């Protein structure tokens, strides 16, 4: 098994008005070919920064330390031009909101042709034919009609199918889906998840699914990586992490998944407290302030990611009980 | 992934489901009462401009001293001027001059303004700042003074007139396009195409230009009356179209000189200015209603 994406000790620092903001710190993560990784974390956990870094689309104010290796090539040792050539050839994205991800005044067909701009040796009619065939594959009936339509003539679920078709058209090695179901209703969400699962064979590499929904991770992903305040706190195969969560934060997240609540309640569980600001990080464990199983030691010693079963966990209760 | 070999018949643009937006827009415009009238008047003006040699009953520059200052008659519907030229023919030929100046001036302004607007909106930073400053400086110049200064330097001619119009109108297009680009560049579909590796020029062509067309069309229709005003104004001051070429402005100026002997001259020259200005303004407002997705006439 070769890793499609290999993140080695990746840190992302933004230049803030009051000094540097370390948004992501020391993330080491490998994603193997043919697997779907769920990147989980709440707002501000750094998952979006990490994804932007994989696409080399971070704003100029951000700097990346560590190495991001895409299929054997160190992304940040390439020039800007070569990196851009990778996007649209080897990397593709499906964005969060299908209502704004398509240009409202350009026909679907034209946009799908445009998505393939990096593919060489294809004429426009060929690209249009590929687009039509791909629409059919993602389960859109009457693709010839759809190609001539504008986004507003399609429902949200259909638009997300079009966006997924667009990303698949370039046969990417890395497909990044940034919360692809957040803007959709529950029924459509299920359909899109089914679609991504069916389409995984089309991706000659791996899929990264950014989400904060543990239910989606359980239904779709092979691996899961849990980010908290810019650090990786737990990662491993989905079966292991979801059934035997070792980090208290993972447990807390799972407890918040409404699908896992057995007894009916008027109370929706939440994780109390807030994520620490990256400019004012605690000395010990970053989760100590919100942790239910906190020990005195947790406030002083920073836990390192260490193997536990099939997973890796950064918790003192696991590494030094 | 296996190459896609399935073939799907791709129909030519089918109006059944995806009529071209230009047709949808035109249909809505014709359903708009003021828009319909304005559209017909503008079509009439364009016809006058294009077919002047066939429509006009006489040669517009032929002098006939014997029939000077004649009032309207069956031979000369709008009478004759101080040199005995047929006023109706001059008005018809003047339409061509007015529209030629208005269209080429506006298009030149659009080309300059929109290009700089896209550059400014995409680059932001110091380039954008410099362009904004230039644009504000241009806008703060009193138009007629600026025009007279340019004419004084380069001499009155059609080219000078078009250049003056282009430079005085370009800042308006720059402003609109730049602000629109700033809005658009934060849209998801721009980010999406960036994440698919599209270059800035590609994004500008595929995503920005189609979204800019609506506001630009409205702005053009709104600007044409102003441009006709500039042309007439400069010609009235003797700094625009030069005799003997017919221009509404210079005819108005002549008519003004002889307003006691022959008031029909000033009226015949003034009416087309008013009619065309009003028609283009109404057309612009109708287009704005029709093209604005938030208007009640939104979806047709």
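Chains as they are written, first to last, in full-length UniProt numbering: chain X, 1 to 321; chain U, 1 to 300.
Note that beta-carbon positions come from the ideal geometry of N, C-alpha and C, so glycine has one too.
Everything numeric in this text was worked out from a predicted model, so none of it was measured.
| query | result |
| --- | --- |
| Does the distance from the CB of residue 245 (chain U) to the CB of residue 81 (chain U) come in under 9 Å? | no |
| The alpha helix (DSSP H) that contains residue 70 (chain U), what's its start and end? | Segment: none, residue 70 (chain U) is in no alpha helix (DSSP H) and carries neither H nor E. |
| What do you get for residue 273 (chain X), buried or exposed, if any count of 16 or more other CB atoms within 10 angstroms of its CB means buried? | exposed |
| Residues of chain X with a CB under 7 Å from the CB of residue 194 (chain U): which are they? | 57 |
| Mind pulling the chain U residues with CB within less than 9 Å of residue 102 (chain X)? | 188, 189 and 192 |
| Provide the residue span of the alpha helix (DSSP H) that contains residue 226 (chain U), from first to last. | 209–236 |
| Return the residues of the stretch 204–219 of chain U that lie within a Cβ-Cβ distance of less than 7 Å from chain X, sorted by chain order. | 206, 207, 210 and 211 |
| Between residue 215 (chain X) and residue 310 (chain X), is the Cβ-Cβ spacing less than 9 Å? | no |
| How long is the line joining the alpha carbons of residue 172 (chain X) and residue 182 (chain X), rounded to whole angstroms? | 23 Å |
| Taking Cβ-Cβ distances shorter than 7 Å, what residues in chain X pair up with residue 202 (chain U)? | 117 |
| Could you list which residues in chain X have their beta carbon closer than 8 Å to that of residue 198 (chain U), in chain order? | 88, 114 and 117 |
| Rounded to a whole number of angstroms, what is the C-alpha to C-alpha distance between residue 277 (chain X) and residue 58 (chain X)? | 20 Å |
| I'd like to confirm the pairing. Which residues does DSSP put opposite residue 67 (chain X) in its beta bridges? | X:8 |
| According to the neighbour-count rule (16 or more other Cβ atoms, all chains shown, within 10 Å of its Cβ), is residue 271 (chain U) buried or exposed? | exposed |
| Kindly indicate the opening and closing residues of the alpha helix (DSSP H) around residue 236 (chain X). | Looking at the DSSP string, residue 236 (chain X) is not in any alpha helix (DSSP H); the run it does join, the beta strand (DSSP E), is 231–237. |
| Exposed or buried, residue 74 (chain X), counting other C-beta atoms within 10 Å across all chains shown (16 or more means buried)? | exposed |
| Helix or strand or just coil, what does DSSP make of residue 82 (chain X)? | helix |
| Classify residue 63 (chain U) as helix, strand or coil using the three-state DSSP reduction. | coil |
| Which residue from X:67, X:154 and X:129 puts its Cα closest to that of residue 99 (chain X)? | X:154 |
| Which bits of chain U does residue 49 (chain X) rub up against, with CB to CB less than 8 Å? | Near residue 49 (chain X) there are no residues of chain U at all, since even the closest Cβ is about 14 Å away, more than 8 Å. |
| Quick check on the DSSP output: the beta strand (DSSP E) that includes residue 28 (chain X) runs from which residue to which? | 19–32 |
| Across the stretch 193–204 of chain U and the stretch 133–141 of chain U, are there enough close Cβ pairs to call them in contact, namely three or more that are closer than 8 Å? | no |
| Using a Cβ-Cβ cut-off of 7 Å (strictly less than) and excluding sequence neighbours within five positions of residue 63 (chain U), which residues of its own chain qualify? | 83, 84 and 85 |
| So residue 275 (chain U) is in the alpha helix (DSSP H); what residue range does that whole segment cover? | 263–291 |
| Would a check of beta-carbon distances place residue 84 (chain X) closer than 9 Å to chain U? | yes |
| In the structure shown, what three-state DSSP assignment does residue 76 (chain X) receive? | helix |
| Interface residues of chain U around residue 155 (chain X) at Cβ under 9 Å? | Correct list: empty, because the minimum Cβ distance to chain U is about 14 Å. |
| Using a Cβ-Cβ distance under 9 Å, would residue 96 (chain X) count as near chain U? | yes |
| Can you confirm whether residue 6 (chain U), when its beta carbon is compared against all beta carbons of chain X, has any partner nearer than 9 Å? | Unreliable placement is indicated for residue 6 (chain U), whose pLDDT of 43 sits below 50; no coordinate value is reported for it. |
| Mind checking residue 81 (chain X): buried by the 16 CB within 10 Å criterion, or exposed? | exposed |
| Work out the CA separation of residue 205 (chain U) and residue 314 (chain X) for me, nearest whole Å. | 48 Å |
| Excluding the five sequence neighbours on either side, which residues of its own chain have a C-beta within less than 7 Å of the C-beta of residue 87 (chain X), listed in chain order? | 55 |
| Does any C-beta atom of chain U lie closer than 9 Å to the C-beta of residue 53 (chain X)? | no |
| Are the stretch 83–102 of chain U and the stretch 48–66 of chain U touching, with three or more C-beta to C-beta distances below 8 Å? | yes |
| Of all Cβ atoms in chain U, is any one closer than 9 Å to the Cβ of residue 17 (chain X)? | no |
| Is it the case that the stretch 281–288 of chain X contacts the stretch 209–227 of chain X, given that we only count it when at least three CB pairs across the two stretches are under 8 Å? | no |
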